[in-house]
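Novice: Before I ask anything, here is the structure I am working with.
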Amino acid sequence: MSEAAALDGGRPDEKAGLTTRLVCWWTIFRIALEERLAYRGDFALGTLMRFLPIITQIFLWWAIFESIDGDLVGYSFPDMVAYYLLSMLGRAFSSMPGLASTIAKQIRDGELKKFLVQPIDLIGFFLLGRVAHKLAYYTISTLPFALVFYLCRDYFTDGWPSAYVMTMFCFSLILAFLLGFFMDLCIGLIGFWFLEVSSLLFIYMLFNFFLSGHMFPLDLLPSGIQAAVSCLPFKYLAYLPAAIFLGKIDSELLWIEMTTEVLWLVILICVARLLYGRGLRRYSGYGG
Amino acid sequence: MPIIEINNLSKSYRVYQKREGLLASIRGLFHREYRDVHAVRDVSLSVDKGEFVAFLGPNGAGKTTTLKLLSGVIYPTGGSASVMGYTPWVRENAYRRKFALVMGQKNQLWWDLPAQESFRLHQQIYRIDQRDFQSTLDELTELLDVSELLSRPVRELSLGERMKMELIAALLHSPEVLFLDEPTIGLDVVAQHNIQQFLRYYQEQRGITILLTSHYMKDIAALCKRVVVITDGTIKFDGSLAGVIDSFSGTKLVRLQLADRQSADGLEQFAEVESVELPKVTLRCEKSAVTKTLATVLQKYEVEDVSVEDPPLEEVIADLYATGAATEQATQEVSR
Chain W
33 MSEAAALDGG RPDEKAGLTT RLVCWWTIFR IALEERLAYR GDFALGTLMR
83 FLPIITQIFL WWAIFESIDG DLVGYSFPDM VAYYLLSMLG RAFSSMPGLA
133 STIAKQIRDG ELKKFLVQPI DLIGFFLLGR VAHKLAYYTI STLPFALVFY
183 LCRDYFTDGW PSAYVMTMFC FSLILAFLLG FFMDLCIGLI GFWFLEVSSL
233 LFIYMLFNFF LSGHMFPLDL LPSGIQAAVS CLPFKYLAYL PAAIFLGKID
283 SELLWIEMTT EVLWLVILIC VARLLYGRGL RRYSGYGG
Chain Y
11 MPIIEINNLS KSYRVYQKRE GLLASIRGLF HREYRDVHAV RDVSLSVDKG
61 EFVAFLGPNG AGKTTTLKLL SGVIYPTGGS ASVMGYTPWV RENAYRRKFA
111 LVMGQKNQLW WDLPAQESFR LHQQIYRIDQ RDFQSTLDEL TELLDVSELL
161 SRPVRELSLG ERMKMELIAA LLHSPEVLFL DEPTIGLDVV AQHNIQQFLR
211 YYQEQRGITI LLTSHYMKDI AALCKRVVVI TDGTIKFDGS LAGVIDSFSG
261 TKLVRLQLAD RQSADGLEQF AEVESVELPK VTLRCEKSAV TKTLATVLQK
311 YEVEDVSVED PPLEEVIADL YATGAATEQA TQEVSR
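Line order of the protein sequences matches chains W and Y.
Offset between the first sequence (1-based) and our numbering: plus 32.
Offset between the second sequence (1-based) and our numbering: plus 10.
Shown next, in the form of structure tokens:
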């Protein structure tokens with residue numbers, strides 16, 4: 033450590049109490065939330081528009097089940113609608129609209145500089161901003177979500193799951209949020225090398241859409257492919273929460289899945305940190 | 011002991027050389043030519059506490075890159091630097107709490123929120139005590155006369171008002187070292203003047219160390235006793251503003267007021283004639299030849315008044331930039 037820093041009484045960072053940190057986090061969170069709500073009209077409209085595909089998707093499944101006249105790999109039509117709605121909920125936690133592209137843009141046009149000179153941890157800062165972003169989204173979307181679930185209540189043929197399953201379901205949603213955040217963050221940080229990540233992001237979204245189980249339950253895949261997809265982290269973003277809720281995963285497997293998910297999260301956090309550290313060494317602080 | 015010490019600092023970038031046209035773009039997909047750009051080469055500099063130093067140089071000379079290196083935003087390719095005992099690019103929080111960077115071309119405040127909110131965030135990030143925060147904020151807003159604008163969204167402020175807010179945000183944590191990258195760019199004369207006055211007052215009061223880059227000679231003349239001229243990534247001059255003229259201008263301007271009916275014919279034999287607006291004539295001659303030329307002219311012509319002046323600063327600087335650019339071109343050609 034340098035001389036001046038030693039005179040300073042070591043790193044003030046470590047001396048700062050938990051309260052100070054919490055207040056700081058709270059302020060970052062509050063301001064990010066306020067910013068989110070600055071354009072309330074656009075924000076509300078954008079949030080509500082995301083509910084439109086639900087109707088078309090339900091009609092699509094209806095048409096499919098009409099034509100096959102029976103079950104689809106253990107899913108009846110009501111099961112499928114229930115699965116679809118639950119996977120929507122998972123996506124509401126795990127999708128990160130604009131995260132990767134914003135980070136890449138900030139790298140490209142040099143806006144990142146303003147964060148780099150401040151005594152903050154950038155990844156933590158982005159995470160807080162995203163939590164605020166999500167909460168703002170939930171405040172607006174809770175009512176429509178509740179309405180949709182209420183209208184479709186008859187499709188949930190097994191009723192409410194047990195408290196234990198509910199707890200695991202909530203837990204899996206939180207993990208889905210973190211996993212989704214770090215996956216998107218990694219794509220954004222690749223911007224240190226490529227500057228433009230939109231094509232990469234497109235490929236990622238495409239994989240995400242099919243392999244997370246957003247498009248259809250992963251059980252529908254042929255067993256060979258299913259095994260391969262099961263090794264990827266995408267399934268935790270939509271399929272797993274829905275499958276937990278619908279009781280499709282027995283309790284032993286549930287623990288294995290949850291542990292693997294946490295491991296994936298740890299791996300992605302490490303990858304993000306590595307990309308960030310390496311990327312900064314390459315960074316040339318573009319533009320002015 | 012110097013507060014900023016830079017030793018042989020270098021930064022080079024690899025840039026992709028794209029030739030013009032679609033065909034070249036397609037070729038660029040398979041094979042790319044790169045060229046090394048040496049933005050900063052072997053710069054050594056030492057700045058004492060409380061100095062107000064200006065970096066002067068044409069666009070792309072390496073001024074901003076030097077500031078970026080000192081703020082730890084980018085890593086150098088070689089050399090070392092120490093600011094207040096810290097190595098900037100290690101980016102220790104302790105260091106980041108003690109300096110600030112203001113970029114005239116970049117916005118650091120939250121665009122859609124009132125500046126007050128950004129200030130509040132800075133208070134938390136920099137862990138500023140509530141009492142200190144309030145008194146600093148009151149002082150700064152009063153000095154810059156922006157108290158009424160605190161609750162207006164930043165996007166609705168004028169460029170000058172926004173720049174003032176940027177300065178407040180940067181100074182809230184009372185940094186000991188301040189880096190200003192073209193803080194008055196694009197501002198009108200009044201706003202430029204306000205910011206100059208503020209900076210001078212604040213620097214004198216607090217005795218902080220400021221490094222500034224600017225293209226406005228007025229900024230520099232008003233604020234900085236020391237000027238560092240950078241062209242082509244290297245330091246060409248380090249000294250006082252007056253010293254720039256002494257070192258870089260080989261000529262002086264001799265202004266004559268000729269007597270009535272005295273013609274200016276024949277003056278060109280003694281010195282280069284800059285302008286003739288009878289009865290006023292301006293000559294340019296080599297510094298070393300001033301006394302001799304003047305003596306001859308005074309002998310041969312009827313002169314009522316005479317003055318010898320340095321050429322205007324802007325002109326000297328422009329010449330200096332032009333020479334820098336010329337040498338750069340020459341070195342590039344050699345390296346090809």
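From the three backbone atoms N, C-alpha and C, an ideal C-beta is built for every residue, glycine too.
On a predicted model such as this, the values are computed, not experimentally measured, just so you know.
#1: Have a look at Leu243/W and Phe181/W and give me their C-alpha separation to the nearest angstrom.
#2: I'd like to know whether the C-beta atoms of Phe266/W and Leu205/W end up nearer to each other than 7 angstroms.
#3: For Ile178/Y versus Thr194/Y, is the C-beta distance shorter than 7 angstroms?
#4: Can you name the residues of chain Y whose CB is closer than 8 angstroms to the CB of Ala70/W?
#5: Could you name the residues that DSSP lists as bridge partners for Ile245/Y?
#6: Between the segment 112-141 of chain Y and chain W, which residues of the former have CB atoms less than 7 angstroms from a CB of the latter, in chain order?
#7: Taking Lys146/W as the query, report the chain Y residues whose CB atoms sit under 7 angstroms from its CB, ordered along the chain.
#8: Answer with yes or no whether the minimum CB distance from Arg43/W to chain Y is below 7 angstroms.
#9: Could you tell me whether the Cβ of Val237/Y comes closer than 7 angstroms to any Cβ of chain W?
#10: Taking Ser81/Y as part of the beta strand (DSSP E), name the residues at either end of that continuous run.
#11: Does chain W have any CB closer than 7 angstroms to the CB of Asn103/Y?
#12: Using 8 angstroms as the cut-off, can you tell me whether the segment 78-94 of chain W makes contact with the segment 148-158 of chain Y, which would need three or more C-beta pairs spanning the two stretches below that distance?
#13: Would you call the CB atoms of Arg101/Y and Gly82/Y closer than 7 angstroms?
#14: Since Gly122/W and Ala274/W are thought to touch, with beta carbons under 8 angstroms apart, how far apart are those beta carbons, to the nearest angstrom?
#15: Would Tyr26/Y count as contacting chain W if we go by Cβ distances under 7 angstroms?
#16: Just checking: is the beta-carbon of Glu98/W within a distance shorter than 7 angstroms of some beta-carbon in chain Y?
#17: Under a Cβ-count criterion, where at least 16 other Cβ atoms within 10 Å of its own Cβ denotes burial, should Leu330/Y be classed as buried or exposed?
#18: So what's Ile90/W in DSSP terms, helix, strand or just coil?
#19: Here's a check: name, in chain order, each residue in its chain whose Cβ is nearer than 6 angstroms to the Cβ of Glu319/Y, leaving out the five neighbours to either side.
#20: Hey, out of Ile288/W, Tyr116/W, Ala114/W and Leu217/W, whose CA is closest to Gln138/W's CA?
#21: Against chain W, with Cβ distances strictly below 7 angstroms, would Arg107/Y count as a contact?
#22: So what's Ala91/Y in DSSP terms, helix, strand or just coil?
#23: So Ile152/W and Phe214/W are supposed to be a Cβ contact under 8 angstroms. How far apart are they, rounded?
#24: Quick check on Leu50/W: buried or exposed, where buried means 16 or more other Cβ atoms within 10 Å of its Cβ?
#25: Counting only Cβ pairs nearer than 7 angstroms, list the residues of chain Y close to Thr52/W.
#26: Kindly list, in the order they appear in chain Y, the residues whose Cβ is closer than 7 angstroms to that of Pro151/W.
#27: Figure out for me which residue from Thr244/Y, Met175/Y and Val283/Y has the closest Cα to the Cα of Pro163/Y.
#28: Quick check on Glu66/W - is its C-beta less than 7 angstroms from some C-beta in chain Y?
#29: Comparing alpha-carbon positions, which option in Thr306/Y, Ser317/Y, Lys290/Y and Val286/Y lies nearest Gln279/Y?
#30: Flag this pair as touching only if the segment 88-97 of chain Y and the segment 13-22 of chain Y have three or more C-beta atom pairs under 8 angstroms; answer yes or no.
#31: Asn17/Y lies in the beta strand (DSSP E); which residues open and close that run?
#32: Using a Cβ-Cβ cut-off of 7 angstroms (strictly less than) and excluding sequence neighbours within five positions of Tyr107/W, which residues of its own chain qualify?
#33: Counting only beta-carbon separations shorter than 7 angstroms, does Val83/Y have a partner in chain W?
#34: At a CB-CB cut-off below 7 angstroms, which residues of chain W make contact with Tyr23/Y?
#35: Starting from the N-terminal side, write out each stretch of the beta strand (DSSP E) that is 3 residues or longer and does not extend beyond the segment 93-172 of chain Y.
#36: Could you give the distance in angstroms between the alpha-carbon of Trp94/W and the alpha-carbon of Phe109/W?
Specialist: Looking at the coordinates:
#1: Within the first sequence, the letter at position 211 stands for residue 243/W. Within the first sequence, the letter at position 149 stands for residue 181/W. Rounded to whole angstroms, Leu243/W to Phe181/W spans 24 angstroms at the Cα level.
#2: As a position in the first sequence, residue 266/W is number 234, starting the count at 1. As a position in the first sequence, residue 205/W is number 173, starting the count at 1. Contact flag unset, no.
#3: The residue you call residue 178/Y lines up with position 168 of the second sequence. The residue you call residue 194/Y lines up with position 184 of the second sequence. No, they are not a contact pair.
#4: Translated into the one-based positions of the first sequence, residue 70/W becomes position 38. Simply Asp122, Leu123 and Pro163.
#5: Against the second sequence, residue 245/Y aligns to sequence position 235. Ile245/Y is bridged to Ile240/Y.
#6: Met113, Gln115, Lys116, Gln118, Trp120, Asp122, Leu123, Glu127, Arg130, Leu131, Gln134, Ile135, Tyr136 and Arg137
#7: Here residue 146/W corresponds to residue number 114 of the first sequence, with the count starting at 1. Those within 7 angstroms of Lys146/W in chain Y are Lys116 and Gln118.
#8: The sequence position of residue 43/W within the first sequence is 11, counting from 1. Annotation note: pLDDT 43 at Arg43/W (below 50); position unreliable, no value reported.
#9: Here residue 237/Y is taken as the residue at index 227 of the second sequence, counted from 1. Judged by the 7 angstroms Cβ criterion, Val237/Y is not in contact with chain W.
#10: Indexing the second sequence from 1 puts residue 81/Y at position 71. That residue, Ser81/Y, is in no beta strand (DSSP E); it is neither H nor E in DSSP.
#11: By 1-based counting over the second sequence, the position of residue 103/Y is 93. Yes, contact with chain W.
#12: no
#13: Start at 1 with the first residue of the second sequence, and residue 101/Y comes out as number 91. Start at 1 with the first residue of the second sequence, and residue 82/Y comes out as number 72. Against a cut-off of 7 angstroms, the Cβ pair of Gly82/Y and Arg101/Y comes out as a contact.
#14: Walking along the first sequence from the start, residue 122/W turns up at place 90. Walking along the first sequence from the start, residue 274/W turns up at place 242. Right, the Cβ-Cβ distance comes to about 6 angstroms (below 8 angstroms), so this counts as a contact.
#15: Counting from one through the second sequence, the residue named residue 26/Y turns up at place 16. No, Tyr26/Y does not count as interfacial toward chain W.
#16: For this step, residue 98/W is matched to residue 66 along the first sequence. No, no contact with chain Y.
#17: Counting from 1 along the second sequence, the entry for residue 330/Y is found at position 320. Counting Cβ neighbours within 10 Å, Leu330/Y comes out buried, since at least 16 surround it.
#18: Locating residue 90/W in the first sequence gives position 58, where the first residue counts as 1. Ile90/W falls in the helix class under three-state DSSP.
#19: The sequence position of residue 319/Y within the second sequence is 309, counting from 1. Taken in chain order, the residues that qualify are Leu263.
#20: In the first sequence, counting from the first residue as 1, residue 138/W sits at position 106. Of the candidates Ile288/W, Tyr116/W, Ala114/W and Leu217/W, the one whose C-alpha sits nearest the C-alpha of Gln138/W is Leu217/W.
#21: Counting from one through the second sequence, the residue named residue 107/Y turns up at place 97. True, the Cβ-Cβ gap to chain W drops below 7 angstroms.
#22: Along the second sequence, one-based indexing puts residue 91/Y at 81. Of the three classes helix, strand and coil, the one that applies to Ala91/Y here is strand, per DSSP.
#23: As a working note, residue 152/W is residue 120 in the first sequence. As a working note, residue 214/W is residue 182 in the first sequence. At roughly 18 angstroms, the Cβ-Cβ gap does not stay under 8 angstroms, so Ile152/W and Phe214/W are not in contact.
#24: As a working mapping, residue 50/W is identified with position 18 in the first sequence. By the neighbour-count rule (16 or more Cβ atoms within 10 Å), Leu50/W is not buried but exposed.
#25: For the purposes of this step, residue 52/W is taken as residue 20 along the first sequence, with counting starting at 1. Residues of chain Y passing the Cβ test: Arg137.
#26: Working through the first sequence from its first residue, we reach residue 151/W at position 119. What Pro151/W touches in chain Y: Asn103, Arg106, Arg107, Ile135 and Tyr136.
#27: Looking up residue 163/Y in the second sequence gives position 153. Ranking Thr244/Y, Met175/Y and Val283/Y by Cα distance to Pro163/Y puts Met175/Y first.
#28: Here residue 66/W is taken as the residue at index 34 of the first sequence, counted from 1. Answer yes: the Cβ-Cβ gap between Glu66/W and chain Y drops below 7 angstroms somewhere.
#29: As a working note, residue 279/Y is residue 269 in the second sequence. For the residues Thr306/Y, Ser317/Y, Lys290/Y and Val286/Y, the minimum Cα distance to Gln279/Y belongs to Thr306/Y.
#30: yes
#31: By 1-based counting over the second sequence, the position of residue 17/Y is 7. Asn17/Y -> beta strand (DSSP E) spans Ile14 to Gln27.
#32: Counting from one through the first sequence, the residue named residue 107/W turns up at place 75. Answer for Tyr107/W: Tyr115 and Pro249, listed in chain order.
#33: Within the second sequence, the letter at position 73 stands for residue 83/Y. Closer than 7 angstroms to some Cβ of chain W, the Cβ of Val83/Y qualifies, so yes.
#34: Numbered from 1 along the second sequence, position 13 holds the residue referred to as residue 23/Y. Going along chain W in sequence order, the residues near Tyr23/Y (Cβ under 7 angstroms) are Ser316.
#35: 109-113
#36: Walking along the first sequence from the start, residue 94/W turns up at place 62. Walking along the first sequence from the start, residue 109/W turns up at place 77. If I take the Cα positions, the gap works out to 7 angstroms.
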